[in-house]
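J.:
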Ligand code: AKB
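Residue numbers (my numbering): 3 to 344.
Shown next, in the form of structure tokens:
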């Protein structure tokens, strides 16, 4: 609990001096929406380790497993029910909102009306909520917020954004709405554009999820059929780096931030390169390629993500490279399969 122990911390970033008086700081009370999606459970674990078990409330409309329920506070929250959200913020004295609820790129294309409701109407609710109660609000964005007109290698923080998926459109909408609320109302809106985030949880309907599915299929069946071409390069990041980025960014003092929306990344690789690295750990497996509609989505996204502004402003630095990612995934997916059978 560094936040509680520190008294006065003075530090310098890019020759600017900042001081933080943390003496009287209590840990923030954090509400996570969409808690059973790709990042929620791991994020709650990470932040509970930092701020204490009771400080982080995980929420969703889905019934949790016993393991998730016993891990710490878990409640029902429907992001489309504004009054219900108000009640939660008041009853639990919430300070920070981490808004994960969203349909990802591939699944969003299969149900556009639902994606509009969850990704766009849901965003309207949480941003109003954050404004009304003075919350710090974090909303993830993505490489999917770019499109075929954007420069792909590298893709800078500020450039053309004309995505062709409803997921991407909803994320550009979230970025712009958040920036608008920041300038107009002083809302403490923070947003990171994540690359494909790789964790041992089963894939969740994204285009970058081949890089998760490949570990599950190869470990269970010894083979994987990839829905992207072997040379499709996309930016990626292990969940450890993603959660550290989120947490460091959420704690960065406002004076350090020149933007409300930052690109972050750890690496870029293709399916072929990933499979090559996996051979060291899993020598006998087959990979075949059968591109489907997700190829078109991947072809419109960044190949290499430029996160130099995050590195400059709040010291972002990835730690997990491709070899580490493969080692971690082989270990974690094996453990998950042994524990849960999936
Ligand atoms: C997806 O593929 O839809 C997500 C993302 C990159 O935002 N993983």
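Note that CB positions come from ideal geometry on N, CA and C, so glycine has one too. Quick caveat: nothing in here was measured; it's all calculated off a predicted structure.
Classify residue 64: buried if its beta carbon has 16 or more other beta carbons within 10 angstroms, exposed otherwise.
T.: Exposed, since its Cβ has fewer than 16 Cβ neighbours within 10 Å.
J.: Mind checking whether residue 2 and residue 220 have CB atoms under 9 Å apart?
T.: This structure does not reach residue 2, given that the chain is present from 3 up to 344, and the question cannot be answered.
J.: DSSP on residue 264, reduced to helix/strand/coil?
T.: Residue 264 falls in the strand class under three-state DSSP.
J.: Could you tell me whether the Cβ atoms of residue 172 and residue 162 are closer together than 9 Å?
T.: Cβ distance not < 9 Å, so residue 172 and residue 162 don't count as in contact.
J.: On the CB-based measure, 16 or more other CB atoms within 10 Å of its CB, does residue 155 come out buried or exposed?
T.: Per the 10 Å Cβ criterion, exposed.
J.: With the cut-off set at 9 Å, would you say residue 273 and residue 232 are in Cβ contact?
T.: Yes, they are a contact pair.
J.: Closer than 8 Å: is that where the CB of residue 211 sits relative to any heavy atom of the ligand AKB?
T.: Yes - the ligand AKB has a heavy atom lying nearer than 8 Å to the Cβ of residue 211.
J.: Which one or two residues does DSSP pair with residue 198 in a beta bridge?
T.: BP columns for residue 198 point to 238.
J.: Buried or exposed: where does residue 224 fall if 16 or more other Cβ atoms within 10 Å of its Cβ makes it buried?
T.: Per the 10 Å Cβ criterion, exposed.
J.: Along the chain, where does the alpha helix (DSSP H) containing residue 175 start, and where does it finish?
T.: Start and end: 168-187.
J.: So residue 304 packs on residue 230, CB below 8 Å; how close in whole Å?
T.: With 8 Å as the limit, residue 304 and residue 230 do not qualify as a contact, their Cβ atoms being about 15 Å apart.
J.: To the nearest angstrom, how far is the alpha carbon of residue 266 from that of residue 222?
T.: Roughly 32 Å between the two C-alpha positions.
J.: Relative to the C-alpha of residue 270, which candidate in 137, 198, 33, 286 has its C-alpha closest?
T.: Nearest option by C-alpha distance: 198.
J.: Is it buried or exposed, residue 185, if we count other Cβ atoms within 10 angstroms and call 16 or more buried?
T.: Looking at its Cβ environment, which holds fewer than 16 other Cβ atoms inside 10 Å, residue 185 is exposed.
J.: State the Cα-Cα distance for the pair residue 99 and residue 40, rounded to the nearest angstrom.
T.: Approximately 17 Å between the Cα atoms of the pair.
J.: Taking the CB atoms as reference points, tell me whether residue 189 and residue 123 lie closer together than 9 Å.
T.: No.
J.: Please work out which residues of its chain come closer than 6 Å, Cβ to Cβ, to residue 207, disregarding the five sequence neighbours upstream and downstream, and give them in chain order.
T.: Answer for residue 207: 106, 108, 109, listed in chain order.
J.: Does the beta-carbon of residue 92 have 16 or more other beta-carbons within 10 angstroms, so that it is buried, or is it exposed?
T.: Counting Cβ neighbours within 10 Å, residue 92 comes out exposed, since fewer than 16 surround it.
J.: Looking at residue 170 and residue 136, is the spacing between their C-beta atoms short of 9 Å?
T.: No.
J.: Can you give me the start and stop residues for the beta strand (DSSP E) that residue 288 sits inside?
T.: That run of the beta strand (DSSP E) goes 288-291.
J.: Helix, strand or coil for residue 329? Go by DSSP, reduced to three states.
T.: Three-state DSSP puts residue 329 in a helix.
J.: Return the first residue and the last residue of the beta strand (DSSP E) that residue 33 is part of.
T.: Counting along the chain, the beta strand (DSSP E) containing residue 33 begins and ends at 32-35.
J.: Quick check on residue 98: does DSSP put it in helix, strand or coil?
T.: Three-state DSSP puts residue 98 in a strand.
J.: Rounded to whole angstroms, what's the CA-CA distance from residue 317 to residue 44? Just pull it up for me.
T.: The straight-line gap from Cα to Cα measures roughly 23 Å.
J.: Could you pull out every unbroken beta strand (DSSP E) segment of at least 3 residues lying fully inside the stretch 87-164, listed in chain order?
T.: Qualifying beta strand (DSSP E) stretches, in chain order: 98-101, 138-140.
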